[in-house]
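Data first, discussion second: the structure below is written as structure tokens.
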Amino acid sequence: MRTKRVKLLILAGVLLAGMVQAQDAMVILEKVDRNMSSDNRVMESSMTVHGKRSSRTITSRSWGEGTKKAFTEYLSPASEKGTKMLKLEGQLWIYSPSTDRVIQISGHMLRQPVMGSDLSYEDMMDDRKLSDVYTAKVSGEENVGDRRAWVMELTAKVTDIAYYRQKLWVDQERFIPLKQDLYARGGQLLKRTEMGDVRQVQGRWFPFTVLYKDMLKQGGGTEFKVTTIRFNDKIPDYIFTKAALKQ
1428 MRTKRVKLLI LAGVLLAGMV QAQDAMVILE KVDRNMSSDN RVMESSMTVH GKRSSRTITS
1488 RSWGEGTKKA FTEYLSPASE KGTKMLKLEG QLWIYSPSTD RVIQISGHML RQPVMGSDLS
1548 YEDMMDDRKL SDVYTAKVSG EENVGDRRAW VMELTAKVTD IAYYRQKLWV DQERFIPLKQ
1608 DLYARGGQLL KRTEMGDVRQ VQGRWFPFTV LYKDMLKQGG GTEFKVTTIR FNDKIPDYIF
1668 TKAALKQ
């Protein structure tokens, strides 16, 4: 009887430790969300696509409100200038100045690369907080460069998501992802991101460079650089309308 009681106490301790670890992991994830997410944001940035033979840089200005509204206008090069994208309530439209047409991107087209980059339209569409769509556990600690990081395992708790599992390295001091591996349900590594040039902006830490790499295609990846960013600015309502695409 005493042996059985000891076993039960050990089991209860293991279960409690697991519950505490899961709770702590979600606290970390929520702190990451507070840095990476915002009510709204205005940003200018560049995206350099490193192909097999050459690289090209595309600049843009974008506005975002919550997780369901975003508008992007491409500024250069000349071949892309005037192209605009609108994300609104789970739908995506693109305006092409060369054809003066607005087309909707949906279904399998969402998996296509944006401007030949390592990001898909699907990647750009999903801006939800990690804590809203994943469960989390801390599996260890590692150094990423000169930063100490928690290694976290994330598993999807929703079905409408592109990456079923993530492995995340989170800066222990600044609560910013430093590295991110994105996996399919079957376990295949699909994409990898590495964050750098972390700065403090309006009371939060934020990475000003992100290197995206599609692990299923050749090339040197896509380097995204933030030029300027402002959080919680007032954005005019007309920005997030289809009419704004042709303006």
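Counting the sequence shown from 1 gives a position; this note's numbering is that position plus 1427. For every residue, glycine included, the Cβ atom is placed at its ideal position computed from N, Cα and C.
Minimum C-alpha distance to residue i - residue among the options
| i | options | result |
| --- | --- | --- |
| Trp1490 | Ile1656, Leu1456, Lys1479 and Gln1674 | Ile1656 |
| Thr1620 | Ala1611, Phe1633 and Asp1641 | Asp1641 |
| Gly1630 | Met1536, Ser1464 and Leu1672 | Ser1464 |
| Lys1594 | Asp1587, Thr1586, Glu1471 and Gly1614 | Gly1614 |
| Asp1554 | Gly1647, Gly1493 and Tyr1665 | Gly1493 |
| Ser1482 | Ile1530, Val1571, Gln1645 and Glu1549 | Gln1645 |
| Phe1633 | Phe1667, Arg1601 and Asp1550 | Arg1601 |
Those residues which DSSP pairs with residue i across a bridge
| i | result |
| --- | --- |
| Pro1634 | Val1625 |
| Phe1658 | Arg1468 |
| Ala1518 | Before going on, a small fix: residue 1518 reads as Gln here, not Ala. In the DSSP output, where bridge partners are listed per residue, Gln1518 has Leu1515. |
| Leu1617 | The partner list for Leu1617 (beta bridge, DSSP) is empty, contrary to what the question assumes. |
| Arg1528 | Ser1523 |
| Ser1482 | His1477 |
| Gln1607 | Leu1595 and Thr1620 |
| Phe1488 | According to the sequence provided, residue 1488 is Arg. The question's Phe does not apply to it. In DSSP, Arg1488 forms a bridge with Glu1471 and Glu1500. |
| Phe1602 | DSSP, once it has assigned bridges, lists no residue as partnering Phe1602. |
Host alpha helix (DSSP H) of residue i (start-end)
| i | result |
| --- | --- |
| Ser1558 | Leu1557 to Val1560 |
| Met1552 | Tyr1548 to Met1552 |
Coarse secondary structure for residue i, derived from DSSP in three states
| i | result |
| --- | --- |
| Asn1462 | helix |
| Ile1455 | helix |
| Lys1508 | coil |
| Lys1594 | strand |
| Arg1538 | helix |
| Lys1644 | coil |
| Gly1567 | strand |
| Gly1493 | coil |
Start-to-end residues for the beta strand (DSSP E) that takes in residue i
| i | result |
| --- | --- |
| Glu1500 | Lys1496 to Ser1503 |
| Glu1580 | Arg1574 to Ala1583 |
| Tyr1665 | Unbroken run through Tyr1665: none, as it is neither H nor E. |
| Gln1674 | Here Gln1674 belongs to no beta strand (DSSP E), and DSSP marks it neither H nor E. |
| Asp1587 | Neither: Asp1587 is in no beta strand (DSSP E) and is coded neither H nor E. |
- Message: If contact is defined by three or more beta carbon pairs under 8 Å, each pair taking one atom from either stretch, is the stretch 1561-1580 in contact with the stretch 1640-1654?
- Response: no
- Message: Under 8 Å, with one C-beta from each stretch per pair, do the stretch 1471-1485 and the stretch 1536-1548 reach the 3-pair mark?
- Response: yes
- Hey, is the stretch 1518-1532 in contact with the stretch 1621-1632, meaning 3+ C-beta pairs nearer than 8 Å? no
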